[in-house]
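Residue numbers (full-length UniProt numbering): 1 to 74.
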């Protein structure tokens, strides 16, 4: 699953990825992840942060810039 997520965004922790995708890529990403996940071992969470999420993000430490134009998935 990590390889799929890395195509759409960046790793922020071992099993946490921050992705910015268009609405159509979001559907493809969810489909691709569901196809490879083992539901007895893996879990996925998708967070819709809304249109004004960028003003709600706080950073501490080293910031990694990620331009966001579409759907954000963590």
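Using N, Cα and C, we set each Cβ at its ideal position, and we do this for glycine too.
Identity of the residue in the options nearest residue i by Cα
{"i": "residue 45", "options": "30, 56, 13, 3", "result": "30"}
Whole-Å CB distance - residue i paired with residue j, under 8 Å assumed
{"i": "residue 8", "j": "residue 16", "result": "About 13 Å; that fails the 8 Å criterion."}
{"i": "residue 1", "j": "residue 33", "result": "6 Å"}
C-alpha distance - residue i paired with residue j, whole-angstrom precision
{"i": "residue 42", "j": "residue 35", "result": "12 Å"}
{"i": "residue 6", "j": "residue 13", "result": "12 Å"}
{"i": "residue 40", "j": "residue 3", "result": "20 Å"}
{"i": "residue 58", "j": "residue 50", "result": "16 Å"}
{"i": "residue 75", "j": "residue 11", "result": "Coverage of the chain is limited to positions 1 through 74, which leaves residue 75 absent and any answer about it impossible."}
{"i": "residue 48", "j": "residue 38", "result": "23 Å"}
Residue i - containing beta strand (DSSP E), residue span
{"i": "residue 11", "result": "9-13"}
{"i": "residue 20", "result": "16-21"}
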